[in-house]
Amino acid sequence: MPATKNKNWVDFEALKRNVSFLTILEHYGLVGHFKQKGNKLTGKCPIHKGDSSTSCHIDLEKGAYRCFTRCKSMGLRGGGNILDFVADMEKFGLGQEGIKRAAKLIMEFTGTGQGTVPLPAGTPRPAPHKPEPPPENKPLAFSLHLKTDHPYFKERGITPETVRLFGLGLAEKGMMTGRIAIPIYDHRGSLVAYAGRALDAKSAEEGGKYKLPANFHKMQVLYNYHRAKDFPTLILVEGFFDCFKVYQAGFLNVCALMGTAMSDFHAGLILKTFTQVVLMLDNDPAGRRGTGDILNRLYDKIFVRVVRLEGFNGASQPDQLSERELAAALAFLKA
């Protein structure tokens, strides 16, 4: 019997193995939403917007979550793996079609490809097919008018010069209203999105610490690449404010992953452009895991050096360091 073509087959088990729960939480801006103890996370359920601080439990080692309050009574799954979580977050429904839609969305924002569902012995597999092109971020046809003198910048140690250079400011209209808007440019230098940073705990709980447009594919963007691409060495950090602080310290060759996960697109862009990578991810479980994953991906293809933050007065991320401390941590680049 000839194999039949099917472009919609997905290896769900491989997806669950290869995509961590932290990557899913980063996509939704929820990493800071939970309290962590070991491999366990607890917090308000982000799916039904619960008010109990322990209503949602996530086991990072098992890749599983459970809502202990209202999700099931609302007709949602209320627990399961990353596919169930995304299906519930997006209200895709309880059926298998919801799982397929969740898998497709995960593949889009992580930059992973399609495979095949494990089949019983003797079942013909679908014929190989050309992989679909990765999703693209279309350039925006507008730019936001932002208030650049908000006191939040001074609180975070961001200078007016940096605010102007990166185009930062408070959004007073649109979906980013009341948030610090951060313009995002793709590798060609085109404005493709804005990220919105919450200014208070309530906004962060309700809409996530960072808000991104639903159709934005962050795994197809290496933040600040369009400025750093002419340098031989890349300093790679997690977040926007890490990038701003490292840039302020005099290191213009810095890019941010907007998380801890590196996509195939990121890796290809880095290997094509740079001769050395300096990893400076956060000193927390997610950052350490991301550092290990990136090392495994790049170590035999490009020179990689890791800067660890343990020796800097308990700082867990680069944006908590002073310019002097950042200069000391990266002094080997100017030797």
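Throughout, this note's numbering is defined as the position within the sequence shown, counted from one, plus 17.
Beta carbons: idealized from backbone N, C-alpha and C, even for Gly.
Environment of residue i [buried if 16+ CB atoms lie within 10 Å]
i: Arg94; result: buried
i: Tyr211; result: buried
i: Gly206; result: exposed
i: Gly60; result: buried
i: Ala120; result: buried
i: Glu43; result: buried
i: Ser37; result: buried
i: Gln113; result: exposed
i: Phe159; result: exposed
i: Phe320; result: exposed
i: Pro63; result: buried
i: Gly304; result: buried
i: Lys226; result: buried
i: Ala255; result: Checking the sequence shown, residue 255 turns out to be Glu, not Ala. Answer is buried; the Cβ neighbour count reaches 16.
i: Asp166; result: exposed
i: Gly307; result: buried
i: Pro335; result: buried
i: Ala231; result: exposed
i: Ala420; result: Residue 420 lies beyond the range of the chain shown here (18 to 352); nothing can be said about it.
i: Asp247; result: exposed
i: Pro141; result: Interpretation of Pro141 is limited by its pLDDT of 44, a score under 50 that renders its predicted location unreliable; no figure is taken from the coordinates.
Nearest-angstrom Cα separation, counted from residue j out to residue i
i: Arg87; j: Leu182; result: 45 Å
i: Arg214; j: Gly191; result: 14 Å
i: Glu125; j: Lys33; result: 14 Å
i: Thr71; j: Lys52; result: 9 Å
i: Val134; j: Arg173; result: Residue placement at Val134 is poorly supported in this model, since its pLDDT is 38, which falls under 50; the coordinates still yield a value, given next. Cα to Cα, the separation comes out at about 47 Å.
i: Ala138; j: Asp28; result: Since pLDDT at Ala138 reaches only 44, below the 50 mark, its modelled position is unreliable, and the value read off the structure follows with that caveat. The straight-line gap from Cα to Cα measures roughly 16 Å.
i: Glu342; j: Lys89; result: 49 Å
i: Gln265; j: Lys117; result: 44 Å
i: Ile252; j: Ser333; result: 17 Å
i: Ser339; j: Ala31; result: 42 Å
i: Ile4; j: Leu47; result: Examination of residue 4 is not possible in this model, given that the chain is present from 18 through 352 alone.
i: Ile99; j: Lys54; result: 20 Å
i: Pro177; j: Pro200; result: 16 Å
i: Ala284; j: Thr127; result: 12 Å
i: Glu78; j: Asp301; result: 15 Å
i: Tyr169; j: Val271; result: 22 Å
i: Thr292; j: Arg322; result: 12 Å
i: Ile311; j: Ala352; result: 25 Å
i: Phe261; j: Leu111; result: 42 Å
i: Ser280; j: Gln237; result: 8 Å
i: Leu3; j: Gly184; result: The question about residue 3 has no answer, for the chain in this structure spans 18 to 352.
i: Gly186; j: Phe257; result: 13 Å
i: Asp259; j: Met106; result: 28 Å
i: Lys289; j: Tyr316; result: 15 Å
i: Thr219; j: Lys66; result: The sequence given here has Lys at residue 219, not Thr. Taking the straight line joining both Cα atoms gives about 12 Å.
i: Phe109; j: Tyr202; result: 30 Å
i: Ala81; j: Thr40; result: 13 Å
i: Lys171; j: Gly97; result: 42 Å
i: Met193; j: Pro156; result: 18 Å
i: Ala345; j: Ala273; result: 20 Å
i: Ile287; j: Pro249; result: 10 Å
i: Phe85; j: Cys73; result: 6 Å
i: Lys318; j: Lys57; result: 34 Å
For residue i, the residue or residues it bridges with in DSSP
i: Val323; result: Leu296
i: Val254; result: Ala273
i: Gly97; result: Tyr82
i: Ile123; result: For Ile123, which the question treats as bridged, DSSP gives no partner whatsoever.
i: Pro197; result: Rather than Pro, the amino acid found at residue 197 in this sequence is Ile. Leu187, Arg214.
Rounded Cβ spacing between residue i and residue j (contact assumed at less than 8 Å)
i: Arg196; j: Lys228; result: 6 Å
i: Gly49; j: Ala221; result: 7 Å
i: Tyr1; j: Met275; result: With the chain covering only 18 through 352, there is no way to say anything about residue 1.
i: His234; j: Asn330; result: Wrong, their Cβ atoms sit about 37 Å apart, outside the cutoff.
i: Ala104; j: Gly115; result: 4 Å
i: Leu350; j: Phe268; result: 7 Å
Distance cut-off 7 Å: residue i Cβ against heavy atoms of the ligand FMN
i: Ser220; result: Because no ligand of any kind appears in the structure shown, any question about the ligand FMN cannot be addressed here.
Check your understanding: For the region 199-248, which segments carrying the beta strand (DSSP E) assignment without a break, of at least 3 residues, lie completely within its bounds, in sequence order?
Key -> Correct list: 208-214.
Point to revise | Segments assigned beta strand (DSSP E), at least 3 residues, entirely inside the region 38-88 | key: Every beta strand (DSSP E) of 3 residues or more that sits fully in the region 38-88 is shown, in chain order, as 52-54, 57-60, 73-76, 81-84.
Review point. Which whole runs of the alpha helix (DSSP H) in the region 258-306 are 4 residues long or more, in chain order?
Key: As far as the region 258-306 is concerned, its whole alpha helix (DSSP H) runs of at least 4 residues are 281-290.
Review point. Can you give, in chain order, each stretch of the alpha helix (DSSP H) that sits fully within the region 160-189 and has at least 4 residues?
Key: Restricting attention to alpha helix (DSSP H) runs no shorter than 4 residues, the region 160-189 encloses them at 168-172, 177-183, ordered along the chain.
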